[in-house]
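This report refers to the structure that appears directly beneath it.
Residue numbers (my numbering), protein chains in the order written: chain Y, 2 to 118; chain W, 1090 to 1205.
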């Protein structure tokens, strides 16, 4: 039972490079989220999706784009990486409120540690 | 806007001591959910508990207990007889029901170190 899988686990980028972080969930969840975690800041929401084909901005969306072409996947893109985007990125998913017994709980991936030099 | 405050940045205790992690929240919604997550040194986020705003019963699970008080907007977490394996960052989080996106707002976390 894989749950939420994030790829890659680690990455080092140079300023200006682009990359895509992949999040895949096998729980048939409707909602998916991308957070970033910085020292002393807790987790902050970047973007989220309430269903296939839909995305919306969170608290800190600048410099990121997302896509949800398939229900099970949620991609986070950095078009031109900056040192300020050095962080640990977490993906999470949760079921629709009417779906399943574990509603209202977000399940997290293991995180992606990104360094931008 | 919703907000979660964990005033304790770091706590250090000796094994077998009891320790309480504080969490204070702000929300305008009448229906909301409160959570605690644990982040051990390995980095993953582990769900511990969820509480909804209509259920103020305290809960005990083994050495863990949670005290939810709406009157003071607090959802505190106590570990009894702490162990070295309890060393982790603990996050309190809030999810409002009225926004329809169910996003989590996290506190900044409390780093708990349990020394042998």
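Virtual Cβ for every residue (Gly too), placed ideally from N, Cα, C. Remember, it's a predicted structure, so these values are computed and weren't measured experimentally.
* What did DSSP end up calling residue 1160 of chain W once you bin it into helix, strand or coil? -> For the purposes of this step, residue 1160 of chain W is taken as the residue at position 71 of the second chain. Three-state result, residue 1160 of chain W: helix.
* Partners in chain Y for residue 1192 of chain W, counting only beta-carbon separations shorter than 8 angstroms -> The sequence position of residue 1192 of chain W within the second chain is 103, counting from 1. In chain order: 34, 46, 49 and 59.
* To do: Give every residue of the same chain whose Cβ lies closer than 6 angstroms to the Cβ of residue 29 of chain Y, excluding the five residues on either side of it in the sequence, and list them in chain order.
  => Here residue 29 of chain Y is taken as the residue at index 28 of the first chain, counted from 1. No residues qualify anywhere along the chain.
* Candidates Y/25, Y/70, Y/83 and Y/81, of which the one nearest residue 91 of chain Y by Cα -> Position 90 of the first chain, counting from 1, holds the residue named residue 91 of chain Y. That would be Y/25, whose Cα lies nearest to the Cα of residue 91 of chain Y.
* Pull up the distance between the alpha-carbon of residue 11 of chain Y and that of residue 73 of chain Y, whole angstroms please. => Position 10 of the first chain, counting from 1, holds the residue named residue 11 of chain Y. Position 72 of the first chain, counting from 1, holds the residue named residue 73 of chain Y. So the two alpha carbons sit approximately 22 angstroms from each other.
* Asked: Taking Cβ to Cβ, would you say residue 1143 of chain W is nearer than 9 angstroms to residue 1193 of chain W?
  -> Counting from 1 along the second chain, the entry for residue 1143 of chain W is found at position 54. Counting from 1 along the second chain, the entry for residue 1193 of chain W is found at position 104. Their beta carbons are not under 9 angstroms apart, which means residue 1143 of chain W does not touch residue 1193 of chain W by this criterion.
* Decide if residue 1173 of chain W is buried, meaning its Cβ has at least 16 other Cβ atoms within 10 Å, or exposed. => As a position in the second chain, residue 1173 of chain W is number 84, starting the count at 1. Burial call: exposed.
* To do: In angstroms with no decimal places, state the Cα-to-Cα distance between residue 1122 of chain W and residue 61 of chain Y.
  => Numbered from its first residue, the second chain carries residue 1122 of chain W at position 33. Numbered from its first residue, the first chain carries residue 61 of chain Y at position 60. The alpha-carbon atoms of residue 1122 of chain W and residue 61 of chain Y are separated by roughly 22 angstroms.
* Asked: Any idea what DSSP makes of residue 39 of chain Y, helix, strand or coil?
  -> Translated into positions along the first chain, residue 39 of chain Y becomes position 38. Three-state DSSP puts residue 39 of chain Y in a strand.
* **Minimum Cβ-Cβ distance from residue 1204 of chain W to chain Y less than 9 angstroms** => In the second chain, residue 1204 of chain W corresponds to position 115, counting from 1. It does not; no Cβ of chain Y falls within 9 angstroms.
* Continuous beta strand (DSSP E) stretch holding residue 1172 of chain W: start and end -> Within the second chain, residue 1172 of chain W is the residue found at index 83, counting from 1. It is not in any beta strand (DSSP E) - residue 1172 of chain W carries neither H nor E in the DSSP assignment.
* To do: Taking 9 angstroms as the cut-off, decide whether the C-beta atoms of residue 1090 of chain W and residue 1128 of chain W are in contact.
  => Indexing the second chain from 1 puts residue 1090 of chain W at position 1. Indexing the second chain from 1 puts residue 1128 of chain W at position 39. No, Cβ-Cβ distance for residue 1090 of chain W and residue 1128 of chain W is not below 9 angstroms.
* To do: Measuring alpha carbon to alpha carbon, tell me which of W/1195, W/1200 and W/1205 ends up nearest residue 46 of chain Y.
  => Along the first chain, one-based indexing puts residue 46 of chain Y at 45. Of the candidates W/1195, W/1200 and W/1205, the one whose C-alpha sits nearest the C-alpha of residue 46 of chain Y is W/1195.
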